[in-house]
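Asks: Have a look at this one.
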Amino acid sequence: MQNEILFFILSLITIVSSLVMISAHRPIDSALSFIVTLVSIAALFGLLNASFLFVVQIIIYAGAILSLILFIIMFLNIKDENLPDEKYKNYWLLGTSLIIAPFSAILVDLILRSNIAVNAAVHENFGTIKDVGLTLFSEWVLPFELVSILLLVALVGAVTLSKKEV
Amino acid sequence: MLKAYMILSVVLFSIGVVGLISRRNIIVIYMSIELLLNAVNLSLIAISADLADASAQVISLIIIAIAASEAALFMALFVVLFRNRSSLDANLFTMLGSEK
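As they're listed, the protein sequences go chains A and B. With my numbering applied, the first sequence has no gaps in its numbers, which climb one by one up to 184 at the end. With my numbering applied, the second sequence has no gaps in its numbers, which climb one by one up to 115 at the end.
What follows is the structure, encoded as structure tokens:
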């Protein structure tokens, strides 16, 4: 019962802060409310016994990526005249929600009708760093190596893109 | 509980798609993409907890690594675009393949 109450509160926080994130005018407001979204998603991971992913989400998303976004926003020195004047922003948001709503209603209906829950018994060290690490290095070695190549490519691409043209 | 997590994931994904389509500020567009990845991660981890299997957690770990490399590229793009156009409006960025 306690888990259900926690899940309800956390999902409410997540949905409200992500709505604020997509509708705020200034990017700093959306970045700050996106931090709230990411931290409450991390808390949902913790509620699901995924303790390693909880730590990774806090460190990488809320720690590294969001501080990078905040750093860039402050570094670019964005003034109000640099922002796009989205005069019809609310109409756009409303219209797009009207288009997207039927699709998500179909998905929710399918989830409610289907019988997907297995409710397998969770063993003792589920979701710990030992469990995830053993699975990563025994069954998922190739994607792990490919991710290292991807990170190298992203590093080189970021340096090449942002250097001043000669 | 799995169904509740899946429904929350669908709702977050829809919010992300709405933000991605209807906004013109590129920083908000980038954060909507991150919200899409987070919604997928949430459903993967809910399935992993339901099946008591750690493979889905590894997949979402790889998704987080992909999001980190995507973040580096996007930050470089923000700096280049803001230097050339001094605006964050996605409608102004039409210089692909042209001389500024």
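Beta carbons: idealized from backbone N, C-alpha and C, even for Gly.
1) Where do the N-terminal and C-terminal ends of the alpha helix (DSSP H) with residue 86 of chain B fall, by residue?
2) Does the segment 70-83 of chain B touch the segment 153-169 of chain A, meaning 3 or more C-beta pairs lie closer than 8 Å?
3) Within 10 Å of its beta-carbon, does residue 46 of chain B have 16 or more other beta-carbons around it, so buried, or fewer, so exposed?
4) Can you name, in chain order, every residue of its own chain whose Cβ lies under 7 Å from the Cβ of residue 187 of chain A, other than the five neighbours on each side?
5) Residue 104 of chain A versus chain B: which residues are under 8 Å apart at the beta carbon?
6) Report the residues of the segment 51-70 of chain B with a CB closer than 9 Å to any CB of chain A, ordered along the chain.
7) Inspect the beta-carbon positions of residue 36 of chain B and residue 114 of chain A and report whether they are closer than 8 Å.
8) Contact defined as beta carbons within less than 8 Å: I believe residue 34 of chain B pairs with residue 25 of chain B. What is the distance between those atoms, to the nearest angstrom?
9) Determine the chain B residues that contact residue 111 of chain A at a beta-carbon separation under 7 Å, and present them in chain order.
10) For the candidate residues A:127, A:179, A:40 and A:141, whose alpha-carbon lies nearest to that of residue 67 of chain A?
11) The alpha helix (DSSP H) that contains residue 110 of chain A, what's its start and end?
12) Which residues bound the alpha helix (DSSP H) around residue 161 of chain A?
13) So residue 81 of chain B contacts chain A; which residues on that side make the cut at Cβ distance below 8 Å?
Replies: Per the coordinate set shown:
1) 70-100
2) Taking 8 Å as the limit for Cβ pairs, the verdict is that the segment 70-83 of chain B does touch the segment 153-169 of chain A.
3) Sixteen is the threshold: when 16 or more other Cβ atoms of the shown chains lie within 10 Å of the Cβ of residue 46 of chain B, as they do, the residue is buried.
4) A query on residue 187 of chain A cannot be resolved here, the shown segment of chain A reaching from 19 to 184 and no further.
5) 38, 39 and 40
6) Those residues of the segment 51-70 of chain B placed with their C-beta closer than 9 Å to a C-beta in chain A are 53, 54, 56, 57, 60, 61, 62, 63, 64, 65, 66, 67, 68, 69 and 70, ordered along the chain.
7) For residue 36 of chain B and residue 114 of chain A, yes; Cβs fall inside 8 Å.
8) That pair is no contact at about 15 Å.
9) 33 and 37
10) A:141
11) Its alpha helix (DSSP H) spans residues 107-131.
12) 159-180
13) What residue 81 of chain B touches in chain A: 165 and 168.
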